[in-house]
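Each remark here refers to the structure printed beneath this line.
Residue numbers (the numbering used here): 2 to 183.
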């Protein structure tokens, strides 16, 4: 992530506060007739921003693994998106996000939990962060994600054979594993 910020010319420090301001700006642009903003990092006078998104509010999925990210999710998010973490860690992060919602007077049930995991049929990556192994083992892993509240899974395929190997892994996953998930 630091490398991405550097490529964009965005300072790494204060990135959380910058993200908060960016989310405040998007909320205002999407909601207000003539939004303006005056923050520590971004400022602009009254403007017209059109066309507005048809979907209101625009769903915001927030990720991160710090208390500030959990607060940001509770304040702005429609979903918390955990990535490449063991399920016990995701369970604890989700508990903290829900706790932050309650502190803000927001119903935690309004949020969705999503998780990005490796799709790793060969078990080459970290098993605790992967959907790996046999079809039954993969189905079991997905069942365990549901038990902790995950409703959306993004799979990041890793497989031998480059792009073709990854596409084959996805095809097998969809045909053999996803077809068993209800």
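Note that beta-carbon positions come from the ideal geometry of N, C-alpha and C, so glycine has one too.
In the DSSP assignment, residue 69 falls within the alpha helix (DSSP H) that extends over 68-77. DSSP, read as helix, strand or coil, puts residue 177 in helix. 131 is the residue among 15, 131, 159 and 22 whose C-alpha sits nearest the C-alpha of residue 84. The residue among 145, 139, 37 and 163 with its C-alpha nearest the C-alpha of residue 176 is 139. Counted as a single uninterrupted DSSP element, the stretch harbouring residue 3 is not any beta strand (DSSP E) but the alpha helix (DSSP H) occupying residues 3-9. Short of 8 Å from the beta carbon of residue 95, and not among the five residues preceding or following it, lie these beta carbons of its own chain, in chain order: 81, 83, 114, 149 and 150. Inter-residue distance for residue 18 and residue 181 is about 42 Å (C-alpha atoms, whole angstroms).
At a Cβ-Cβ threshold of 8 Å, residue 77 and residue 63 count as neighbours. Residues 77, 78 and 79 of the same chain have their beta carbon placed closer than 6 Å to that of residue 61, with the five preceding and five following residues left out of the count. Between residue 122 and residue 179, the C-beta spacing is not below 8 Å. Within the same chain, Cβ atoms closer than 8 Å to the Cβ of residue 54 are found at 31, the five residues on either side in sequence being excluded. Assigned with DSSP and collapsed to three states, residue 134 falls in coil, not helix or strand. Note on residue 141: under 16 other CB atoms within 10 angstroms of its CB, so exposed under the neighbour-count rule.
Of the other Cβ atoms in all chains shown, 16 or more fall within 10 Å of the Cβ of residue 21; this residue is therefore buried.
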